[in-house]
Amino acid sequence: MKTAIIVFPGSNRERDMAVALRRSFGTEPLMIWHKDVDLPAVDLIVVPGGFSYGDYLRAGAMGAHSPVMRTVKERADQGVPVLGVCNGFQTLTEAGMLPGALMRNAGLKFVCRTVHLRVETAQSVFTSGYAAGQTIAVPVAHNDGNYYADDATLDRLEDRGLVAFRYVDAEGGATEAANPNGSRRGIAGIFNDTKTVLGLMPHPEDAIDPLHGGTDGRGLFDGLARALA
Amino acid sequence: MKAIVHVTLKPGVLDPQGKAIGHALGTLGFQGLGEVRQGKVIEIDLTETDAAKAEKAVTAMCEKLLANTVIENYAIRIEA
């Protein structure tokens, strides 16, 4: 199975992502530079974290309009799974591939710590490695992770089961204190309508090695590799 | 001509930066402050000489890139 990671000037989590993909998929991911419009056929496309284009204008705004993203959009329309993590999530919302927007953290501070997430559904290629309702621990590291969408959009996401992950405390409770950035309804990650595109702020690729404090992120990549095999 | 674009957060969208600015102004002793909202200004020099055409072009720029219309409003002023 082949995977591709999109690399923008300012991306900085692409190598962490490559380690995670290599581990679960057993193949070397292709690194695709933002100016490339030729994207080989792959089974999964990942838009990684970082600060593409220095977060100029708005986080992810410049990357969303780069040449390679036109191709990514086309592939997504054809059903190729696309995963956006952190800056990748911001880029996918700016590109109109996911609803809503990521705004400045409500506390105005960069938040870098381990958080707990509730897996809201196991019914997707991205979350099939988890059980619905399971609590996992993964790190976040972002300045603009405050998910915003209007009430109608949030209701629609919830009604259709398109909320993938929600911030919770260690016991699984969706408390205000467990929400690190002010995201509406504690949303940490969402799917598109066909559940073939996932965007999330936390970094599962940084929770795959016990030496880094936990391996709860493995479920996402192992599950993906199994689902796409 | 020149286009001056004001991008502001939509009413109802939480603006933590505006809130922090309002709080700082209050600590400095400024009184009678209501809500403070922060936005951005983008100035664009244009070769276009027709104001209506210029406004149309800049509207397209706002819709496509300059503003994220999920959370932001924009206002355009065209100057000769």
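Those protein sequences? They're chains A and B, same order as listed.
When we follow the numbering used here, the leftmost residue of the first sequence carries the number 184, and every step to the right adds one.
When we follow the numbering used here, the leftmost residue of the second sequence carries the number 68, and every step to the right adds one.
Where is the CB? At the ideal position from N, CA and C, for every residue including glycine.
Per-residue contacts from residue i into chain B (C-beta, under 8 Å)
| i | result |
| --- | --- |
| A289/A | L81, P83 |
| E277/A | N135 |
| G133/A | One cannot answer for residue 133/A here, as it falls past the ends of chain A, which runs 184 to 412. |
Among the options, nearest to residue i - alpha-carbon criterion
| i | options | result |
| --- | --- | --- |
| Q84/B | V229/A, Y330/A, A289/A | A289/A |
| A332/A | G106/B, A124/B, V137/B | V137/B |
| L285/A | A70/B, K69/B, V80/B | V80/B |
| G262/A | C269/A, T379/A, P393/A | T379/A |
| S366/A | N329/A, P212/A, G316/A, M252/A | N329/A |
| R150/B | M128/B, A147/B, A87/B, T126/B | Examination of residue 150/B is not possible in this model, given that chain B is present from 68 through 147 alone. |
| G283/A | G209/A, L340/A, P192/A | L340/A |
| N482/A | R196/A, H248/A, Y313/A | Since the first and last residues shown for chain A are 184 and 412, residue 482/A lies out of range. |
| P223/A | R206/A, I189/A, G193/A | I189/A |
| L213/A | T186/A, A315/A, L394/A, A335/A | T186/A |
| T114/B | V125/B, G96/B, K107/B, V108/B | V125/B |
| G312/A | A347/A, R287/A, A371/A | A347/A |
Neighbour flag for residue i against chain A, beta carbons, 7 Å
| i | result |
| --- | --- |
| N135/B | yes |
| I71/B | no |
| A87/B | yes |
Chain-ordered chain B contacts of residue i [CB-CB under 9 Å]
| i | result |
| --- | --- |
| A360/A | Neighbours of A360/A on chain B: none; closest Cβ ~17 Å, over 9 Å. |
| A371/A | Chain B residues near A371/A: none, gap ~18 Å exceeds 9 Å. |
| G365/A | L81, P83 |
Residues of its chain near residue i, where Cβ-Cβ distance is below 7 Å and the 5 sequence neighbours each way are ignored
| i | result |
| --- | --- |
| A412/A | M184 |
| A259/A | V265, M280, T379, V380 |
| L100/B | G89, L92, G93 |
| E130/B | T136 |
| S249/A | F191, H217 |
Chain B contact residues for residue i, given Cβ-Cβ distances below 7 Å
| i | result |
| --- | --- |
| M286/A | I138 |
| E388/A | Near E388/A there are no residues of chain B at all, since even the closest Cβ is about 26 Å away, more than 7 Å. |
Min CB distance residue i to chain B below 7 Å
| i | result |
| --- | --- |
| R241/A | yes |
| Y350/A | no |
| Y331/A | yes |
Under 7 Å from the C-beta of residue i: neighbouring residues of chain A
| i | result |
| --- | --- |
| L132/B | A244, H248 |
Own chain residues within Cβ distance below 8 Å of residue i, not counting five before or after
| i | result |
| --- | --- |
| F293/A | A324, H325, N326 |
| E122/B | A70, I143, I145 |
| G369/A | R349, Y350, V351, A357, A361, N362 |
| H386/A | R196, D199, G232, V268, C269, V321, P322, V323, A324, G400 |
| Y141/B | V72, H73, V74, T75, C129, L133, A134 |
Proximal residues to residue i (C-beta, below 6 Å), its chain only, five neighbours per side dropped
| i | result |
| --- | --- |
| I111/B | A70 |
| A353/A | H299 |
| A390/A | V321, G397, D399, G400 |
| T297/A | A320, P322 |
| D392/A | none |
| S194/A | P231, G233, S235 |
| S207/A | F404, D405, A408 |
| G237/A | G193 |
| A118/B | I145 |
Residue i CB to nearest heavy atom of the ligand ATP below 6 Å
| i | result |
| --- | --- |
| R196/A | For the structure depicted, the ligand ATP is absent and the ligand set is empty, with no information on it obtainable. |
> So, do the stretch 73-82 of chain B and the stretch 297-316 of chain A have three or more beta carbon pairs nearer to each other than 8 Å?
Replying inline: no
>> If contact is defined by three or more beta carbon pairs under 8 Å, each pair taking one atom from either stretch, is the stretch 394-406 of chain A in contact with the stretch 306-315 of chain A?
In response: Touching, per the Cβ criterion.
>> Would the stretch 229-240 of chain A count as touching the stretch 189-204 of chain A if we require 3 or more Cβ pairs under 8 Å?
In response: yes
> Three or more C-beta pairs closer than 8 Å, one from the stretch 269-279 of chain A and one from the stretch 231-248 of chain A: is that the case here?
Replying inline: yes
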